[in-house]
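In what follows, a single structure is set out as structure tokens and then discussed.
Numbering (the UniProt record's numbering), first residue to last: 1 to 742.
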């Protein structure tokens, strides 16, 4: 996105920046650049992969600034690309100022300059909480408008699954759940009418000329005032002494009473409970980033928080929480006295890179010095084709070009064989690093294609191996080929009649029948025949005329979203997130309803099936029939059938259980068909949905059929159909597609 932010700067200021440099984004998926003009003036450019989070950040920024609160001014934005330009507040965080001051302070002494800075911050906080609540639109809050029961349970389960389980802290499931519920009930009795900043800690507060400025407030929502002051004072790495915490809490309460008229006695009644939930949320984050993502610096805060927990236990928990206390005592005993960071679990990390031979082979920064550099220049260069020169190796057009060459698969088989042997051997010998690089002339087409393909293959073949992927020539890629989470398809890729169709890809399933593979890899990213299932599905929908693809996600949502952000699927892509649980096909379609343009039919496709049929013909049939929905069906053996008569769908039959359901009496000849996982529906169907939560489509179709709506079959005559829902079916699909390719 570097080229894209330069383009936004140029559009805003009339000339490109004189200089640009990447700024570290601590613990965040966002990317920041400092851009300098010729006269020395600077601004900060930002990119965020999450469109909803970006929208909230920009709206909050304007609202909080209008309320005279110290947040950066927004100078420009491009929400379609997830980019913005904001005021440069410098690099001095409150944590950095504290760390520098501690170097000059006497042992055991809290530096006076740091205390002054903290006093200014806590005096500002009540203004943020009170005035911010009046200024922002909480309907934009993401992922929820309030820090409510659901939000608290998410945080507590985050602690359970990402710290307690990964750190092997013993606990009893049901008693812990009972304690969680009891704690949440206690916390919700507090006044929750304030702006809850959510991540109000020393790394998210910048000091400019000694005054505090705010960043990273996009997680803000309505909630209790106690949470944010607890976040600041119990910030693990800041490691504030108890005496300083007590002093700053009194300083905060003076300002809180003056700003809000609230009573400190009532505030303090709930404060210890919010300290508790904030520490558990932070521990969950440390566990996820440290144990799961293997980023050791996040584990450096664990001993600090363990000592904080020891202090809480000494004072007594706010209410009786025996299982939480039991887990806490184990944490204190295990980590409170550790003087050094906890080491994350060891394992093999494979460093995959694409590069240009103009720049040379990338250095192995792990220090191991082992691995391969594959020269892709023996393959035909897509860059010499005018229609492909501006594209990159993630583009389906590049994949089609390369995969049409017989030598491509031969090259790939040699690569996969060598890498597989080394990865297997290195894991057995407890090696930690291994590098694989692919080079071509410009580092844009062939090398990128193979680096991406190897990364997907490694995730599937060796799911316990960590893979780092980088494209070293990315900065030189043209803006037209820049990686973007949202990209409009060229008009030429749409159907000639230019009728508007939206595609829906159901990709939120858990993949439980796939066993270990399904637990570690979403079905959308499993590779079959050289492409991920997501790419197979997208190609089918785009070929049928879909100009917008809506993809629902839940299981391994981050991995799917990252894939979407770095691959052009030939159409605009919108992600529909199912945060709490997967909503099945019916619930997923309803949940995504706001993303459909309603200017034409919706073509929906399960991500775990490949249907070798002309889906454009399905759309033509649907439009001609006037049906509310048209289902792609087949004559094949299955356990569950949909039942059709002369007027359309009227029932379904589960032959394994001997069960039959009829929405109405059949009229005329009865036909039993297997559903293929693909259907078209008119936008008006969304207006007929009364079901809520998680529900499947077949019961909805039957209800609509009973009400007199036409749900018609579209028989797929003899085309091939593959489904990867089980290991056996996945293997069969791979064998079939490989034999066809051969």
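Idealized CB from N, CA, C, for every residue including glycine.
Everything numeric in this text was worked out from a predicted model, so none of it was measured.
If you reduce the DSSP assignment to three classes, tell me which class residue i lands in.
i, result
"residue 748", "The question about residue 748 has no answer here: the residues shown for the chain are numbered 1 through 742."
"residue 673", "strand"
"residue 193", "coil"
"residue 431", "coil"
"residue 705", "helix"
"residue 12", "helix"
"residue 215", "coil"
"residue 644", "strand"
"residue 19", "strand"
"residue 221", "strand"
"residue 256", "helix"
"residue 274", "helix"
"residue 710", "coil"
"residue 583", "coil"
"residue 42", "strand"
"residue 47", "strand"
"residue 654", "strand"
"residue 172", "coil"
"residue 510", "coil"
"residue 490", "In this prediction, residue 490 scores a pLDDT of 32, lower than 50, which makes its location untrustworthy; no coordinate-derived value is stated."
"residue 661", "strand"
"residue 323", "helix"
"residue 308", "helix"
"residue 242", "helix"
Given residue i, which residues of its chain have a CB within under 8 Å of its CB, disregarding the five upstream and five downstream residues?
i, result
"residue 138", "145, 146, 221 and 222"
"residue 493", "Bear in mind that the predicted position of residue 493 carries a pLDDT of just 32, short of 50, making it too unreliable to give a figure here."
"residue 121", "94, 205, 212 and 232"
"residue 385", "401"
"residue 383", "389, 441, 442, 444 and 445"
"residue 319", "182, 183, 186 and 273"
"residue 353", "362, 435, 436, 437, 438, 451, 469, 470, 471 and 472"
"residue 136", "59, 60, 63, 64, 195 and 220"
On the CB-based measure, 16 or more other CB atoms within 10 Å of its CB, does residue i come out buried or exposed?
i, result
"residue 496", "Because residue 496 sits at a pLDDT of 33, beneath the cut-off of 50, its placement in the model cannot be relied upon, and the following sentence gives the value as read from the coordinates. Residue 496 is exposed by the Cβ-count criterion."
"residue 199", "buried"
"residue 588", "buried"
"residue 126", "buried"
"residue 398", "buried"
"residue 80", "exposed"
"residue 452", "buried"
"residue 246", "exposed"
"residue 242", "exposed"
"residue 46", "buried"
"residue 519", "exposed"
"residue 378", "exposed"
"residue 216", "buried"
"residue 169", "buried"
"residue 68", "exposed"
"residue 372", "exposed"
Nearest CA to the CA of residue i: which residue from the options?
i, options, result
"residue 679", "626, 190, 618 and 705", "618"
"residue 230", "267, 259 and 209", "267"
"residue 349", "86, 190, 432 and 321", "432"
"residue 273", "190, 298 and 675", "190"
"residue 748", "591, 661, 621 and 565", "No answer is possible for residue 748: it lies beyond the span of the chain, which begins at 1 and ends at 742."
"residue 715", "614, 72, 379 and 34", "614"
"residue 724", "85, 635, 521 and 624", "521"
"residue 470", "450, 461 and 463", "450"
"residue 515", "730, 573 and 331", "730"
"residue 162", "292, 301, 5 and 83", "292"
"residue 325", "578, 252, 263 and 178", "178"
"residue 71", "57, 78, 77 and 82", "57"
For residue i, I'd like the list of residues in its chain whose CB is within less than 7 Å of its CB, leaving aside the five on either flank, ordered along the chain.
i, result
"residue 639", "654, 655 and 656"
"residue 328", "309 and 313"
"residue 567", "394"
"residue 530", "403"
Tell me, please, whether the CB atom of residue i is closer than 8 Å to any CB atom in chain D?
i, result
"residue 614", "The structure shown has no chain D; it contains just one protein chain."
Please go through the same chain and pick out, in chain order, the residues whose beta-carbon is closer than 6 Å to the beta-carbon of residue i, but skip the five residues on each side of it.
i, result
"residue 343", "With a pLDDT of 49 at residue 343, under the threshold of 50, the predicted position of this residue should be treated as unreliable, though the coordinate-derived value follows. Nothing meets the Cβ criterion."
"residue 660", "653"
"residue 487", "For residue 487, the pLDDT reaches just 31, beneath the cut-off of 50, and the residue's location in the model is therefore unreliable, although a value from the coordinates is still provided. Correct list, in chain order: 568."
"residue 455", "352, 467 and 469"
### Length-filtered (3 minimum) beta strand (DSSP E) runs lying within the segment 515-579
For the segment 515-579, whole beta strand (DSSP E) runs of length 3 or above, ordered along the chain, are 546-553 and 572-577.
### Task
Ignoring anything shorter than 4 residues or poking outside the segment 84-150, list the alpha helix (DSSP H) runs there in chain order.
Within the segment 84-150, the runs of alpha helix (DSSP H) at least 4 residues long that lie entirely inside it are, in chain order, 94-104 and 112-135.
### Query
Can you give, in chain order, each stretch of the alpha helix (DSSP H) that sits fully within the UniProt domain "RapZ C-terminal" (349-471) and has at least 4 residues?
If you keep only unbroken alpha helix (DSSP H) runs of at least 4 residues inside the UniProt domain "RapZ C-terminal" (349-471), you get 396-403, 406-428 and 446-461.
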